[in-house]
Structures are given as C-alpha cells and as structure tokens.
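For the first sequence, this note's numbering assigns the number 1374 to the initial residue and increments by one for each residue that follows.
Glycine is no exception: its CB is placed at the ideal position from the N, C-alpha and C atoms.
Only a predicted model underlies this, so the values are computations on that prediction, with no experimental measurement involved.
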Amino acid sequence: MIERVFSGVQPTGNLHLGNYLGAIRKFVDLQQKFDSCLYCVVDMHAITVWQDPAELTKNIREVTASFIASGVDPKKHIIFNQSQVSGHAELAWIFNCVARMGWLNRMTQFKEKAGKHKENASVGLYAYPVLMAADILLYRATHVPVGEDQKQHLELARDIAQKFNKDFAEPIAEAGFADGFFPQPDPLIAGTATRVMSLKDGSQKMSKSAASDLSRINLSDDAETIAKKIRKARTDPDGLPSEEKGLEGRAEARNLVNIYAALSDSTVEDVLKQYGGQQFSAFKPALSELAVAKMKPIGDEMNRLMDDPGHIDEILRDGAVRAREISQPVMKAVKGIVGFI
RNA sequence: AGGAAUGUAGCUUAGUGGUAAAGCAACGGACUCCAAACCCGUUGAUGAGGGUUCGAUUCCUUCCAUUCCUGCCA
1374 MIERVFSGVQ
1384 PTGNLHLGNY
1394 LGAIRKFVDL
1404 QQKFDSCLYC
1414 VVDMHAITVW
1424 QDPAELTKNI
1434 REVTASFIAS
1444 GVDPKKHIIF
1454 NQSQVSGHAE
1464 LAWIFNCVAR
1474 MGWLNRMTQF
1484 KEKAGKHKEN
1494 ASVGLYAYPV
1504 LMAADILLYR
1514 ATHVPVGEDQ
1524 KQHLELARDI
1534 AQKFNKDFAE
1544 PIAEAGFADG
1554 FFPQPDPLIA
1564 GTATRVMSLK
1574 DGSQKMSKSA
1584 ASDLSRINLS
1594 DDAETIAKKI
1604 RKARTDPDGL
1614 PSEEKGLEGR
1624 AEARNLVNIY
1634 AALSDSTVED
1644 VLKQYGGQQF
1654 SAFKPALSEL
1664 AVAKMKPIGD
1674 EMNRLMDDPG
1684 HIDEILRDGA
1694 VRAREISQPV
1704 MKAVKGIVGF
1714 I
C-alpha cells in the first residue's frame, strides 16, 4: 500500500503565524518525504458554522495562496478544495451510517465549540469528525499531520475504518482486499510541535478569534505591523535566561523564544545561547527583524497570487481533477462493497 | 406543537416618553530595558418593521432571534 499524506486547512478568517508554523510550513517538509501529498482547503468543514459566501470564496483562495507562497509544489503534489471532489460528501454519508452517535458524543471539540447551546449547533458541526474521516480515507491516506486538538478526530477515523472493514468483511474479501479495505491512518507528529501562543497571553493559543489583533501576527501583516506587534508583546520583568530551564513559568518569554527558534530553524537552546542574559529591548527587535525577513516574502507572494484569482482557481481545479483520479476508484469500490448498484 | 420570558456597546449589566450610563474588553498615551499592573484618555449600543405621540430605546403591534417549562416524535 502506498504511503500518502492528507492534510486539511479550514478557510475561515485570517491566517496567522500559528497556522503557518503549526501546519502550513510543515507541508513543505512533508512533500520531500512522501511521494503523494494531498493538501486540501476544507471548505465543507468551514460551513459547519455560518460563513459569509463572498468571504468564504476569498478565504479559500487565500489559504491556497498561502500553501503556494510557503513553498508547496502544486504540480508534484495536489492542492485542491474539498467541495470540488464529491467523494468527500458521498463517503461521509456512508460513514455517517458506520459511525455511532456514542462516538460523536464523546468528541471534546464539539462540546467546546457548541458550548452551552448544543441544540443550536448545526448538524454538520456534530458530524464534522465523520467528514474528516471521509477526507482521509477517501484517498486511503496513511499519514495525517495532526495537532494535539485533532488527535481525537483521527482516532475516530481509525475506528470508522476498522468498523467498516469489519461490517463489510465478506464483500471486502471478495473484492480482493485481504487485510481490510481501509488502512488505519497514522498521526504524523512533526518533530518539535510548535505551539504558537498569543502575544498578549502566553497561556492562550494564538487564535484568529482573540479580541485583540495585537495578540497575533497575520500572514497579511506588513513589516511595520509585525514590528509593532512584537514590540507590544507581553513579557515579564526579567531578561532572557541562558538555559531553557530559566523559561519555566514564563509562558510569554518562552513563546517569543519558541517563535524565534521556529523561524530560524534552530532550537530554544541555540537561541538562548545567543540571547541569554540580554534584555527584551534587545531581543524583540531581533525577533521582529527575523519575523519580517521570514514572513514578508510569504505575505508578498500571497498578495501577488491573490491579484490573479483565476490562476488560483485554475490550480484548485487541476488539483481537484487529480484528487478525483485517486478517489474515484476508491469510491467505486466502496459503493460496490456496501451493495450499491 | 402549547405556554412563559428576554432582546441596550465585543461581553456583563443600568436607565428614561425629551442629548442612553457603568464595569470589563479593545485602541491610544504615560510609566517600563521591552512588556504587564497602576494612572490618563478615546472608540463603540437600544434586534427589524409598523403604529400612538410634537417627540419612542421606553407605550401598542407584527416579525425575527434567544432562553426556560410542558407536550409530541425518535
């Protein structure tokens, strides 16, 4: 069975440094290691909470642009948006009938997102993890880069794959698949998990929904804005320690060092070796120079790409065609297995 | 499906038939190695439509949304 990576990013709102360091940038490394990578703009997941249609269109293009600007090769691998490949929806329905309500009731992310108003959440939000399982298994993907918060969803995908294999063991065997039809997708925990925290509160993840825009660095921020945000980032009264241990209990300081390490492709240890003992007034300008140097080319390239939406759409269309080539035989087999004519 | 209640700023709340108030949040300044806290300042709201009235955020009415209770279905 060939190894294949599937990863999705939701086109909702602003992309920020956390999205970049936590996900998008990793795609570039993965495309060296795996022959087949699918990078999917999951627009169908996005609408589990209401999206303004015009904004959604723009956001789909923006995420696509961020992939390309970050260095993903849309020729060698596949960049596409989910809704153009109907197999996602078709397989999700079949999986809806495989997955059990009890499994979904346990999903912590639904509980968090729906909050106290569970009755008011969309059915789609509830069924979200099933669609995600379909995304992965539609391509019989073997490796899925996931963050901590998505681990539970991946486990559900494994459960669904397993139950499908078991429920339809006989027709699967008849179709010539000896060890089950769907593989068990594995999580890809990429090296140092870069968790980028809010610049205003080191205990919160950097997020597009935080009240203050100063808490995040957007991919669309210009050099001046990036510098300002880093200058205003929260710290503490001490200087930088020379060893990692000195960052204990100093979430904000650690976050800035983490960001520096991630952007410079080095380690926290190396950064502290260089900046240990220095004041934030020295470190912050260095960090902001580094951030601008790394982020600005990406932002510029995104802007350039966004100026020609037709070109982006063409890339997505081409990706969708190739994604369909992989998924159609899978879908055809699945339909046969469950007994559809 | 029946009944009840609520709707004021991003959030939590006040209030009045005559310029809509506060706390938190946000933003700016000051302070600070840079920040935080404190201090100073700024932005920002009556769900939508209709009616009564000189004047409606307030009274009436319709709609919409939300919350609670009861029932029905699964």
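Residues near residue i by beta carbon distance below 6 Å, same chain, minus five either side
i	result
arginine 1690	none
arginine 1589	His1389 and Met1579
alanine 1600	Ser1661
alanine 1693	Phe1453, Gln1457 and Val1458
valine 1519	Leu1527 and Pro1560
alanine 1514	Arg1377, Phe1379 and Pro1558
isoleucine 1509	Phe1379, Val1517, Ala1530 and Pro1558
serine 1576	Ala1624
serine 1495	Thr1421
Cβ neighbour criterion (16 or more within 10 Å) applied to residue i
i	result
lysine 1406	exposed
glutamine 1652	exposed
arginine 1398	buried
proline 1556	buried
alanine 1546	exposed
aspartate 1594	buried
asparagine 1478	exposed
isoleucine 1685	buried
isoleucine 1632	buried
glycine 1391	buried
alanine 1506	buried
isoleucine 1688	buried
isoleucine 1467	buried
Check whether residue i and residue j have beta carbons under 8 Å apart
i	j	result
lysine 1657	isoleucine 1603	yes
phenylalanine 1453	phenylalanine 1400	no
glutamate 1674	alanine 1396	no
histidine 1461	tyrosine 1412	no
valine 1415	glycine 1381	yes
threonine 1421	glycine 1475	no
leucine 1592	isoleucine 1671	yes
threonine 1567	alanine 1635	yes
glutamine 1482	aspartate 1540	no
methionine 1704	glutamate 1543	no
tyrosine 1501	serine 1700	no
alanine 1427	proline 1384	no
valine 1707	alanine 1596	no
leucine 1645	serine 1615	yes
glutamate 1642	glutamate 1621	no
Close Cβ partners of residue i (< 8 Å) along its chain, the five nearest in sequence each way excluded
i	result
aspartate 1446	Gln1404
lysine 1573	Ala1583, Ser1585, Leu1587, Ser1588, Ala1606 and Arg1607
Contact set for residue i: own chain, Cβ-Cβ below 7 Å, skip 5 residues either direction
i	result
proline 1682	Arg1434
glycine 1553	Asn1538 and Ile1545
lysine 1536	Val1471
alanine 1696	Leu1411, Ile1451, Phe1453 and Val1458
lysine 1524	Pro1560
glutamate 1499	Checking the sequence, you will find tyrosine at residue 1499 rather than glutamate. Excluding positions up to five away in sequence, the list reads Leu1477 and Phe1483.
Whole-Å CB distance - residue i paired with residue j, under 8 Å assumed
i	j	result
alanine 1465	leucine 1504	4 Å
Ranges of the alpha helix (DSSP H) found wholly within the stretch 1482 to 1543, counting only runs of at least 4 | Listed in chain order, they are 1496 to 1510 and 1524 to 1540.
In chain order, which continuous runs of the alpha helix (DSSP H) of length 4 or greater are located wholly inside the stretch 1430 to 1473?
-> Given a length threshold of 4 residues, each whole run of the alpha helix (DSSP H) inside the stretch 1430 to 1473 is given here in chain order: 1460 to 1469.
Which ranges would you report for the beta strand (DSSP E) in the stretch 1551 to 1598 if only whole runs of at least 3 residues count?
-> Fully enclosed beta strand (DSSP E) runs of 3 or longer: 1559 to 1561.
Scan the stretch 1607 to 1684 and note each continuous alpha helix (DSSP H) run of 4 residues or more that stays entirely inside, going in chain order.
-> Counting only runs of 4 or more, we get 1624 to 1636, 1641 to 1648 and 1653 to 1679.
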